[in-house]
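One structure is given here, and the rest of the page talks about it.
Numbering (the working numbering), first residue to last: 2 to 136.
Written out as C-alpha cells, the structure is:
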C-alpha cells in the first residue's frame, strides 16, 4: 500500500507539513487537532502551537495528456498526491465538425450574397442608415 499523508494547518489556516494518518488520529483523540474537509481532502487543524515550523520544498506537476491528465504533489522524500483522470475526448470531433460546417457554409453564403438574399450595407452610408440589397 502506498504511503498516505494528511494535510495539516495551524490555528491561522497556515499550511504545515503533512503527517501520517496514525499521528493525525492520535492528535484528534487527544484534542490537539480538529478535523475538517477542504477541497475534497481530509485535513487536520492543530489546536496547539506546533513544536517546530520546518518546511520542505514541495512541487506540483501537471501533465495534460491527450487521453489522461495527471496531477502530482511531491517533495524530495515523498509523493503526497498522485491523481490521474481521463481527459475529455469529444473536443477533437467537435472542432472537426465545426470546421467542416464553416467550410461547407462559405460557398452558400457567397451565392446568397450575390443573389441579393443577404442584406448588405451600402458602402456610402454609415451604420445608422438603412440597409440596402445588392441586386
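Virtual Cβ for every residue (Gly too), placed ideally from N, Cα, C.
Endpoints, the beta strand (DSSP E) within which residue i is located
i          : result
residue 46 : 42-47
residue 82 : 80-87
residue 37 : 34-39
residue 62 : 60-65
residue 10 : 7-10
Same chain, Cβ closer than 6 Å to residue i, neighbours up to 5 away in sequence not counted
i          : result
residue 6  : 19, 81
residue 61 : 74
Short Cβ contact (9 Å threshold) for residue i with residue j
i          : j          : result
residue 74 : residue 47 : no
residue 88 : residue 70 : yes
Option in the options with minimal Cα separation from residue i
i          : options        : result
residue 78 : 97, 87, 44, 58 : 58
residue 51 : 13, 103, 4, 68 : 13
residue 90 : 28, 45, 35, 65 : 65
residue 17 : 68, 45, 102    : 45
residue 56 : 67, 68, 76, 26 : 76
Where the alpha helix (DSSP H) containing residue i begins and where it ends
i          : result
residue 30 : 22-31
Nonlocal neighbours in the same chain, by C-beta distance under 8 Å from residue i, ignoring five residues either side
i          : result
residue 84 : 71, 72, 73
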